[in-house]
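Taken in order, the sequence shown gives residues 308 to 617; the numbers are from our numbering.
One structure below.
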Amino acid sequence: MSFSDETKRELARIKPEKPCCMLSEISALTQSCASLRFQGRGRISIVYKTENMALAKRLFLLLKLRLNLIPVIEYASVGRFGGRRICTLTLKDQDAKQLMLSLRMLKTTEAGLPILRGIPRSAYTKRCCRGAYLRGAFLGSGMLLNPEKGYLLRFSSSDPALIRGIHGMLEKSGILSSVKLSDEGAELRVTQGDGISAFLTLTGAHTSMMKMEDIRIRRESKNRANRAANCDQGNLKKQLQTAQKQAAALLTLLDRKDVPDEILETARLRLDHMDATVEELRMFFDPPLSKSGAYHRLQKAVRYANEQSM
Ligand SMILES: [Zn+2]
């Protein structure tokens, strides 16, 4: 089972508790996996479609517990060889209207026309409802990449209003996300490990969150070790290049007669002890120099050699 499916399974098992949160979750599920059908003479029905049986069960439970609505359940197989199994939950006429009124998706105006509205207010104002809304949205339209492969939480929908709503709620919870709109709809992405962890905590997927943190710690310590190794190698290469350049310049001094003693001594010591660090080299001077003293002597000798060769 993929990490995404595991997380969904965990979320679908969370026991519904507060009425406010139940409504928020129903709202997100309705926006992400339901369609509204007009059947003439003012009759409407709402049809939820999902391949996720745990989600279908949860939806049934939420509608019954919170709104006392019992949808009609049907199963269908898609594909010639009994491929995917799809579950539909249908609410008709009065039940559909009641659901939409409860979710504030329908408002009767003086002209009697229905007005579709967005997300329930409590989902913006209350943290508990925000978590419940995001849980519903993820169950209906989300995907989570296995953190071993990388950090990606993605929502996609043909309804830009749903994606904008999720974006606003994540922002309110301090989780960074980016939104992309296209002709087919909208997509939202969270690509930071911190953000995904915070999302899992907020929606109540604590087991998935701990699994993710575990992988993150392992990945990050591996990255740190790699970075340190690369850095060491880089430094070593740089040190070798510098030493070789110095040696080439200093070598030109040895055969000359007019070189000041102090510079000649420095050049000899450097060439005799090519592997030595400045810290080690300083001890070969007579008397020994301080580290910065040895460093300046070296610089001076190299400068002198370079000037002479010009
Ligand atoms: Zn709530």
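Think of the CB as a built atom: it goes at the ideal place given N, C-alpha and C, for glycine as much as any other residue.
In terms of residues, what are the limits of the beta strand (DSSP E) holding residue 381? Within the sequence shown, residue 381 is the residue found at index 74, counting from 1. Per DSSP, residue 381 belongs to the beta strand (DSSP E) from 379–385.
Give a yes or no on whether the C-beta atoms belonging to residue 358 and residue 391 are separated by under 8 Å. Numbered from its first residue, the sequence shown carries residue 358 at position 51. Numbered from its first residue, the sequence shown carries residue 391 at position 84. Yes, these two residues count as a Cβ contact at 8 Å.
Per DSSP, what kind of secondary structure is residue 592 in: helix, strand or coil? For the purposes of this step, residue 592 is taken as the residue at position 285 of the sequence shown. In the structure shown, residue 592 falls within a coil segment according to DSSP collapsed to helix, strand and coil.
Residue 596 and residue 577: beta carbons closer than 8 Å? Numbered from 1 along the sequence shown, position 289 holds the residue referred to as residue 596. Numbered from 1 along the sequence shown, position 270 holds the residue referred to as residue 577. No, Cβ-Cβ distance for residue 596 and residue 577 is not below 8 Å.
Please state whether DSSP places residue 485 in a helix, a strand or coil. Here residue 485 corresponds to residue number 178 of the sequence shown, with the count starting at 1. Three-state DSSP puts residue 485 in a strand.
Using 7 Å as the cut-off, classify the Cβ of residue 394 as near or not near the heavy atoms of ligand 1, replying yes or no. Taking the sequence shown and counting its residues from 1, one reaches residue 394 at position 87. No; taking the cut-off as 7 Å, the Cβ of residue 394 has no heavy atom of ligand 1 nearer than that.
Can residue 515 be considered in contact with ligand 1, in the sense that its beta carbon sits closer than 7 Å to one or more heavy atoms? The residue you call residue 515 lines up with position 208 of the sequence shown. False, no ligand heavy atom lies under 7 Å from that Cβ.
Alpha helix (DSSP H) runs wholly inside the segment 310–363, at least 4 long, in chain order: 310–319, 326–340
Considering only their Cβ atoms, is the gap separating residue 464 from residue 505 smaller than 8 Å? The residue you call residue 505 lines up with position 198 of the sequence shown. The residue you call residue 464 lines up with position 157 of the sequence shown. Cβ atoms of residue 505 and residue 464: not closer than 8 Å.
Please name the residue or residues paired with residue 450 in a DSSP beta bridge. Position 143 of the sequence shown holds residue 450. Partner(s): 461.
Nearest neighbour of residue 573, chosen from 604, 555, 586 [CA to CA]: Counted from its first residue, the sequence shown places residue 573 at position 266. Minimum Cα distance to residue 573 is reached at 604.
Can we say the segment 500–518 touches the segment 311–328, given the rule of at least three CB pairs closer than 8 Å? yes
Closest by C-alpha distance to residue 428, when choosing among 366, 327, 599: By 1-based counting over the sequence shown, the position of residue 428 is 121. Closest by alpha carbon: 327.
What residues come near ligand 1, if near means a beta carbon less than 7 Å from any of its heavy atoms? 325, 327, 328, 331, 429, 433, 435, 436, 439
In whole angstroms, what is the alpha-carbon distance linking residue 356 and residue 461? Residue numbering aside, residue 356 sits at position 49 when the sequence shown is read from its first letter. Residue numbering aside, residue 461 sits at position 154 when the sequence shown is read from its first letter. Rounded to whole angstroms, the separation of the alpha carbons of residue 461 and residue 356 is 20 Å.
Checking 8 Å against the spacing of the C-beta atoms, do residue 370 and residue 333 come in under that value? Translated into positions along the sequence shown, residue 370 becomes position 63. Translated into positions along the sequence shown, residue 333 becomes position 26. Their beta carbons are under 8 Å apart, which means residue 370 touches residue 333 by this criterion.
If you draw a straight line from the alpha carbon of residue 581 to that of residue 459, how long is it in whole angstroms? Taking the first residue of the sequence shown as 1, we reach residue 581 at position 274. Taking the first residue of the sequence shown as 1, we reach residue 459 at position 152. Going from the Cα of residue 581 to the Cα of residue 459 covers about 50 Å.
Should residue 588 be labelled buried (16 or more other beta-carbon atoms within 10 Å of its own) or exposed? Your numbering for residue 588 matches position 281 in the sequence shown. Classification for residue 588: buried.
If contacts are defined as beta-carbon pairs under 8 Å, then residue 477 and residue 484 qualify, I think. What distance do you get, rounded to the angstrom? The residue given as residue 477 occupies position 170 in the sequence shown. The residue given as residue 484 occupies position 177 in the sequence shown. So it is a contact: roughly 5 Å between Cβ atoms.
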